[in-house]
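Protein chains in written order, with the working numbering: chain H, 29 to 159; chain X, 922 to 1560; chain E, 2 to 126; chain L, 637 to 788; chain F, 117 to 476; chain S, 12 to 303.
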Ligand code: SF4
Ligand code: SF4
Ligand code: SF4
Ligand code: SF4
Ligand code: SF4
Ligand code: SF4
Ligand code: SF4
Ligand code: SF4
């Protein structure tokens, strides 16, 4: 884990094969479309990329997976998918809690107390700077 | 001597009532009410001591019969007036019907109340007089502080207490008159007086609901009045005596001859709020609590069951007896079932009253000596317990501003004394060795040979246990580890009535054997060959079984006292309750931690089984069934 | 209901399936992954096992020529056995017995032949 | 041993709680109740309620939120009570030693009487562990009595 | 009557083998509202997996979950093998299927037993668990441990199964099948069991996808979805067809799992008969490179997904685990309201909750 | 009375001291039998006594005083009803006293502000609601046969009651299932933990207070046996066999059914139990009243 010393460049990180890039602005529209096409939301994976979060949304239809890749600055709010796929609320709450990702329009908000208790560390999944 | 006692019992309350109305002074009223109560209690005891006998008021000076007739017309006029004010053709019609009957009887048929004796106090009447005068008087005493508080609560500018106490005392007089009348015309008069008092008391608060409910009470009771009037007219047409004693002594009747008696019974059903006439009694709970206590325990509804019980020997072993038994048993089950869904304490009490009256009616209908004994025992114990319960609910209502049973959760730690009384009251309704259960035992043994009634009775008893237990459960709910509650401060008359009634119910329960042997059995044996019930030492026995009252009482008493003493010596360590490991120490002691690590109050509530027992679900079939049963009763006699 | 009636009645007349465990013990299966034993003589204190142990149950003091093993941390995965270059680790078929305390075993060259418990179990007497 | 001691040993009721285990040990605890191991032979019942329980059987490395629950449960058990930590996780944390949300070993939260190693702890080991715990009961009772006598 | 009962159910509760809290609002005993609270077993394994050596992680991920533990290891290894481009020997693939299906078998029996227990059918519970012990015995014989078998390794498997043991597996599953024939009908047709499961906790087909449910729960709602259909491992040679039920209630879920036990027995027979000989482990060198891979397999409870990213060192950049129960939990909030309190345990168990892998 | 006083003292002694021993043994047998039906060995036969002794020796941390008082009243009324039954007293009184005990037990459950205790108490009421009619019908049927509610009259019959009331065996089994808290109706509390109410109405009791409940169960078991024996009072050994048969049937039913909900219980008791008993009752009515 040496790359955390310098400003992390986006290209330093591997990109999942076949992932489709997406931005905050067209995320909801794209996901709505996927929903109409009958995709299932499998899960989302969040990665700490220094200044940014990289979030993969994994979908599946007829045994083929589709990955959406979203890069957002840490301060930015990500629109919640929980109104399209109800099940997203748990995934997003987890990201919010473990990584500190901000979401707008969360269906059920556990307020960072889904898995962690009062005496736990906050956002424990972030990469430690002195690691 | 006798006339003095009767005067005290019947006439004095009328006079004191009127005095209460005109002497608008709190202190004077207080003395009048207390004096009235003392006099009534004394007189009733004196009456009981003097044995049964007849009495016709002296003719000199006043023509009592005419006076009664004038009173009748006056009352009917009042009813018609009320009907006009309400613009209710129903009320006007029912009152007019009675007026027509009365006019025919008085002016065309030429009866002048000359049956003799006009008043007759047998054992049954004496028992009724005792209940009315003692429990009723206690209720008036309870009403003294209650009405003060009540008017304070609802912010009334001008006190309406004079009117209130007038009707209250009048009521007692009328009831005494009713149960002592031998002449049916007299009975009819007193009957209508109780109707009037009841209606006026229900509408006492004057708000819309009260007024509406009072009109409902009026027309329902007028139906009863019409039935009675019909019965009287019919009796006259059939050239039969219009006096109870002679009617009963006249032997057993058949078929059409039973019709007047059946009509009188229907009159009784209305007053006793039997299905389908239960509506008015439920509506009556809008009245101030002393009124409810009075209506449900010693007066009004008891007039209904009294009438049926009085007539019972006249329809022994007939079609009427079968139907009355079934109608009563049906009411018993149906009302108990409906009570389960209620969380309004007064409504639960009301349904319970209806249900118990159903049981009494049913016993009267079963009409064996044992059943009649059961009915009398029930009347006695129900009166005491119910008075106690209503009074306690009234006190609670003034303190927590609610009569919702759910709001009484954990009341034990706020008002231990009142709750104690309430619990005694409830337990006295459902648990051996209390009197009500002894009576129920007697009635069960009495019905064992009547499959339908027995079946209904068993079901009803089960329901009864359900709603009462639920209620006490709410009251007793306590949080472990809380300090022992302090006794609350209550006005003297509250404490007096509570203690008096609680002690009475306890003593009478323990004395159930002697009570049955010395009081109930003679009352039954007056009209039946045997009593079916008796005492063996302190035990209550009948032909088929025996209730070892004293031994059960002793054992249970010890079972309560020993742990109480033991716990007094040994403080049990307080600990928070089990909440799946997430209990937290909070001020309430009953919070648990839940999502987001936040704390949440645990809430508990009783079950109401909306799906199974709601009024909406059952009333629509219960009322028609009850109506059909009554139609069958009448129809069966006509055809 | 009737479906299961036969089964329960059959059970009633059958010998119970229960293994009378503490009274008669089953032979452990061959190749069962039981407790871990070190051979202080074979060991060269290279520390490979310690690095790979997923449960951090082994500490090797190279200088001291000592190996500290905490059996109450070991998850009996057998990974150390796999990585040891000298076959100094032996996994027995027996499982470890419960105890009142968590002991630590110290191994070294044959000066200390048997594993010594460094922590006396408290209040057992 | 008094007859009370005997009956204490012959009727251990257990409460099982999972403070963050992987399920492996949980199911082995459950398996103890099933026909092949049938711990009811020793009078063991799984009562599921701390107030009725004598032995608290814990599986799993203490998670921070669970630690609070564990303390509550332990407090709600009547004396004399025993604690048996089942599985390496409950004993010391095991593979989870470097996880941020575990305290590692339930003895960091409440006193533990018997440690049952194994990942997962085998039913036989669990039975052994409970038997070991039972042997400690008379001693605990004596201790409790002397403490009570002191406070009285 | 607006009063409600609000009570906690869990974390410590005898019907839940694992801690989970449902804050229930009841009217009488009808559930009107439910709020699940989690976090009683969250350990932080994803983070620990970043701190560990990637070879150690095989043992760590196994301990995410103690029942389908082997399958976790398989999924993790598949992701690493994908990153490192390791080709598996065919025998290893088959062995993974054999152990995987043995796990499914014992897991489904375990679940059927727990379901029986959730409605108080104790003897049925006992029977299922008695039969299950046979599978555990054979697992112990072949791998050396009953529960956490640690048989999987990157590049293949750690142990081979001898022919003698293969024969034994066949006899054991024959015996199991015979015994299951006696009790599976109880689950499928007993009046009292049906009374407690039919129409309870229904999830309609249309709602299923938005609730995100997976595995037998999804299949019970009429959607044929099973990660084994992708043919990973040796499944592509085994002619796999998923079990599907339509009614979407607890009964359907029980039936799906009951039928899947038979299916697993069939797959086992086939796999053992077709088992090729040869190596069981491919040797590899170095550390996972800078690449990411997603792998998915079917656990007894549904599809399991791993996202693994390497960075060229022996530590990994990220290990993301999406477990089936994590996907099934949101559906609980739709299944419970309107049911009776007594149904709550049955419904919660019907998704076969594995809180330990949900929270990791 | 048919008993002389010496006899009465002996019977009271038996009811108070011997009955719980027999009840406890039966409970032990029950547990072993349940275990055997499940293919297990099960606990020693004296297990219920060990359990009770152990509970006696533990330090209670139970909820409220009211509950403790209620538990004692529960015990006393259970003993009392057994004494009433065995001394040949009024059966209906016995049933009422029995019901009183249950009511106190329920009130105890209510008196603690604890979720499971409370819900357990609610369910216990429903259980009472379910079995009470059956017991009363049983009593009424006996009355119709003997012409008396006094138990001792049963012993004066020539023919055993069983011949005329065979369907009441079913009723007795239903009563036993509910009273002994066996599946499918183990709703308010149960011996084993795996159910939605934890330990239901007894959740908050511990130590010797819980031991009292165990003791009550022993008496209850004895009482149910005696109730069953009434059916064959002419030969008490056969009566006992009949009782044991009912118990055995109860245990088997426990092991072949899933727990149902309270509404199912009410439906079952009233839609099946009541009609069955009513049918038998109707036949008895026909022969004892209408025919005469
Ligand atoms: S390693 Fe440091 S930065 Fe990272 S989560 Fe832990 S404390 Fe926070
Ligand atoms: S915080 Fe954690 S991940 Fe970061 S450097 Fe420290 S140990 Fe490593
Ligand atoms: S067996 Fe596994 S846990 Fe035990 S010492 Fe070896 S590597 Fe560590
Ligand atoms: S046991 Fe083996 S691996 Fe461990 S230090 Fe010794 S030689 Fe090295
Ligand atoms: S590091 Fe420690 S806690 Fe983590 S798995 Fe290994 S032994 Fe267990
Ligand atoms: S000791 Fe092993 S099997 Fe037991 S809970 Fe921990 S990881 Fe799971
Ligand atoms: S799904 Fe359940 S059984 Fe399987 S590993 Fe996870 S927790 Fe264990
Ligand atoms: S659900 Fe979780 S614990 Fe269970 S097998 Fe799957 S991954 Fe493992």
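The C-beta atom is built at its ideal place from N, Cα and C for all residues, glycine as well.
Query, Result
"Under 7 Å: does the beta carbon of residue 86(E) sit that close to some heavy atom of ligand 4?", "yes"
"Could you tell me the alpha carbon to alpha carbon distance between residue 11(H) and residue 84(H), rounded to whole angstroms?", "With chain H running from 29 to 159 in the structure shown, residue 11(H) is simply not present."
"What does residue 1504(X) touch in chain L if you count any residue whose Cβ is under 7 Å from its own?", "708"
"How far does the beta strand (DSSP E) with residue 419(F) in it reach, from first residue to last?", "418-426"
"State buried or exposed for residue 290(F), treating a residue as buried only when at least 16 other CB atoms are found within 10 Å of its CB.", "exposed"
"Mind checking residue 649(L): buried by the 16 CB within 10 Å criterion, or exposed?", "buried"
"Hey, out of 153(S), 266(S), 62(S) and 280(S), whose CA is closest to residue 181(S)'s CA?", "280(S)"
"Shortest alpha-carbon distance to residue 72(H) belongs to which of 41(H), 141(H), 154(H) and 116(H)?", "116(H)"
"Within 10 angstroms of its Cβ, does residue 30(S) collect 16 or more other Cβ (buried), or is it exposed?", "buried"
"Taking only the alpha-carbon atoms, compute the straight-line gap between residue 1483(X) and residue 243(F) and give it to the nearest angstrom.", "48 Å"
"CB residue 692(L) to CB residue 653(L), shorter than 8 Å?", "yes"
"Taking residue 1555(X) as the reference, which of 1379(X), 1207(X) and 1179(X) has the closest Cα?", "1179(X)"
"Please state if the CB of residue 1514(X) and the CB of residue 1522(X) are separated by a distance shorter than 8 Å.", "no"
"Mapping the DSSP letters down to three states, classify residue 320(F) as helix, strand or coil.", "coil"
"Would you kindly work out how many angstroms separate the C-alpha atoms of residue 264(S) and residue 43(S), rounded to a whole number?", "15 Å"
"Mapping the DSSP letters down to three states, classify residue 269(S) as helix, strand or coil.", "coil"
"If I follow the unbroken beta strand (DSSP E) through residue 48(H), where does it start and stop?", "48-50"
"With DSSP run on the structure shown, which of helix, strand or coil describes residue 947(X)?", "helix"
"Where does residue 283(S) fall in DSSP's three states?", "helix"
"Just the Cα atoms here: how many angstroms apart are residue 1232(X) and residue 1296(X)?", "13 Å"
"Less than 7 Å between the CB of residue 34(S) and some heavy atom of ligand 3, yes or no?", "no"
"Quick one: which chain S residues come within Cβ less than 8 Å of residue 15(E)?", "50"
"At the level of alpha carbons, what is the spacing between residue 170(F) and residue 164(F)?", "11 Å"
"Report the residues of the region 59-82 of chain H with a CB closer than 9 Å to any CB of chain F, ordered along the chain.", "63, 66, 67, 68, 69, 70, 71, 72, 73, 74, 75 and 76"
"Is it true that the region 1102-1122 of chain X meets the region 1346-1361 of chain X, where meeting means three or more beta-carbon pairs spaced less than 8 Å apart?", "no"
"Is the beta carbon of residue 1400(X) within less than 7 Å of some heavy atom of ligand 6?", "no"
"Give the residues of chain F in contact with residue 142(H), contact being defined as C-beta atoms less than 7 Å apart.", "154 and 155"
"Leaving out five residues before and five after residue 407(F) in sequence, what residues of the same chain have Cβ atoms less than 7 Å from its Cβ?", "199 and 426"
"Leaving out five residues on either side along the sequence, give the residues of the same chain with a beta carbon under 8 Å from the beta carbon of residue 123(E).", "Model confidence at residue 123(E) stands at a pLDDT of 40, short of 50, so the residue's coordinates are unreliable and nothing is read from them."
"Can a CB atom of chain H be found closer than 8 Å to the CB of residue 778(L)?", "no"
"Name the residues in the region 255-281 of chain S whose C-beta lies less than 7 Å from a C-beta of chain E; which are they?", "263, 266, 267 and 268"
"So, under 8 Å CB-CB, residue 467(F) and residue 136(F) are touching, yes? Tell me the CB distance rounded to an integer number of Å.", "No, residue 467(F) and residue 136(F) are not in contact; Cβ-Cβ is about 11 Å, not under 8 Å."
"Taking the DSSP output, what are the residues bridged to residue 1167(X)?", "Looking at the DSSP assignment, residue 1167(X) forms no beta bridge with any residue, so it has no partner."
"Compute the beta-carbon to beta-carbon distance between residue 213(S) and residue 221(S), rounded to the nearest angstrom, for a pair I have assumed lies under 8 Å.", "6 Å"
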